[in-house]
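*Asks:* Numbering-wise, the sequence shown is residues 174 to 507 according to the numbering used here.
Structure below; questions to follow.
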Amino acid sequence: MNNFHLLLVVIGLTLAFEFSNGWHDAANSIATVVSTRVLTPFRAVALAAFFNFIAAFGLSTAVASTIGKGMIHIEMVTQQVLLAGLLGAITWNLITLILGLPTSSSHALFGGYGGAAVAHAGFRALILGGWIKPVLFIFLSPIIGMVLAAIFTVATSWLVRNQRPQKVDRWFRRLQLLSASLFSFGHGLNDAQKGMGIITTALVAGGLLPNFKVPYWVIICCYLAMGGGTMAGGWRIIKTMGQRVTKLTPFGGFSAETAGGITVVGNALFGIPVSTTHTITGAIVGVGATRRLSAVRWGVTRRIVWAWVLTIPGAALIGAAVYHFVSPLMNLIR
């Protein structure tokens, strides 16, 4: 297998990863709107997929640049590294999907890619400064989402304090369509760019691009793949996110989605690749905590947090193991 064929495999696998990202993270966009019965599951995933794709026209590739050239020294990257990193991330996604855990596809990609790069060139392959923000926002993004959701919940509660509950419920059922769309747009703007970064890096490593600049066809392909994955859905994770963390009303769903959407979009514009999973989970916890702390099922939340913490090292180990298997195999095939 020559380098060009390997490049095609990497591109295909990246698009498969984007599909799995949409499938795995569909719950982040629509769990609240489904659990509050504002939309049926099919209509909800159709709405999410549409706004995932619309984000292709968000005119920002900052997150793609962070992934492609901000965390790993691009001159040390080979097609084998990218292939192993992607396989590590996809394997981790499949394991957590089977377990029904809403872990981060983003951090699975960081871990798999980083682990494969270290297996290839040692720790000197890592741009340590480039890992600070992504790792820091493992903890900051859910906190920001939680705080914003609590603020929105308290503020909107005060605004509608004199209204009849039935009227408030009717208003927020409509408003939740807007908040779910905002979060789905942020999901696309943030997550599809990670595949864009990998494919562009592969094109640079393969000598087809002189420098890191995302081609337009890469943008469209990644957004289509992720939108298709969102349409496929991830129903077990939707159940965990929408029903098992806390019980939501349309009023609470609006606050959680709006807070999560603002957090994700804001970070994407600054090139910080955050986890939509972490952000919306924090926002849902923030809504539940405004009622009373016991409204949040902390046992489920602790299990989710442990899965977050283990994602980067777990995917890194898988990525490194896959690299040690793939690299000699590629040499034999040649």
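By construction, the Cβ of each residue, glycine as well, lies at the ideal position given by its N, Cα and C atoms.
1. Determine the DSSP secondary structure at I445, reduced to helix, strand or coil.
2. With DSSP collapsed to three states, give me the class of I324.
3. Is L282 helix, strand or coil when you go by DSSP?
4. Just checking my contact of G285 with W304 at CB under 8 Å: how many whole Å lie between their CB atoms?
5. Do three or more CB pairs link the segment 340-359 to the segment 420-429 at distances below 8 Å?
6. To the nearest angstrom, how far is the alpha carbon of F192 from that of D364?
7. Decide if Q349 is buried, meaning its Cβ has at least 16 other Cβ atoms within 10 Å, or exposed.
8. Counting Cβ pairs closer than 8 Å, one from the segment 309-324 and one from the segment 251-258, do we hit at least three?
9. So, at 8 Å on beta carbons, what are the nonlocal neighbours of M244 in its own chain, with the 5 sequence-adjacent residues on each side left out?
10. Per DSSP, what kind of secondary structure is I453 in: helix, strand or coil?
11. So the candidates are T213, L267, V211; which of them puts its Cα closest to the Cα of D198?
12. Could you have a look at L299 and say whether DSSP puts it in helix, strand or coil?
13. Out of R210, A229, L188, which one is the CA nearest neighbour of Y389?
14. If you follow the alpha helix (DSSP H) that F356 is in, where does it begin and where does it stop?
15. Can you tell me which of G195, L256, W481 puts its alpha carbon nearest to the alpha carbon of L509?
16. Do you know how far the Cα of N176 is from the Cα of E430?
17. Thinking C-beta only, is A292 closer than 9 Å to V497?
18. Which residue or residues does DSSP assign as beta-bridge partners of I245?
19. Examine the Cβ distances between the segment 389-405 and the segment 214-227 and report whether three or more of them are shorter than 8 Å.
20. Taking the straight line between their C-alpha atoms, what separation do you get for L351 and T213?
*Replies:* By the coordinates alone:
1. DSSP places I445 in coil when its eight states are reduced to three.
2. Here I324 sits in helix by DSSP.
3. Reduced to three states, the DSSP call for L282 is helix.
4. The beta-carbon separation of G285 and W304, rounded to 14 Å, does not stay under the 8 Å limit for a contact.
5. Because the criterion of three Cβ pairs below 8 Å is met, the segment 340-359 and the segment 420-429 touch.
6. Each residue's alpha carbon lies about 11 Å from the other.
7. In summary, Q349 is buried, with 16 or more beta-carbon neighbours lying within 10 Å of its beta-carbon over all protein chains present.
8. With contact defined as three or more Cβ pairs closer than 8 Å, the segment 309-324 and the segment 251-258 are not in contact.
9. Here the set comprises F283, Y286, G287, L299, I300, G303, W304, P307.
10. Correct three-state label for I453: helix.
11. Among T213, L267, V211, the Cα nearest to that of D198 is on L267.
12. Assignment of L299 by DSSP, reduced to helix, strand and coil, places it in the strand class.
13. The alpha carbon of Y389 has as its nearest neighbour, out of R210, A229, L188, the alpha carbon of A229.
14. Secondary structure note for F356: its alpha helix (DSSP H) is the uninterrupted segment 338-378.
15. Nothing can be reported for residue 509: it is not among the residues displayed for the chain, which extend from 174 to 507.
16. Going from the Cα of E430 to the Cα of N176 covers about 43 Å.
17. As written in the sequence, residue 497 is His, which differs from the Val given in the question. If you check the CB distance, H497 and A292 come in under 9 Å.
18. Answer by DSSP bridge pairing, in chain order: L299.
19. Contact check between the segment 389-405 and the segment 214-227: three or more CB pairs, one atom from each, fall below 8 Å, which counts as touching.
20. Between L351 and T213, the C-alpha separation is close to 16 Å.
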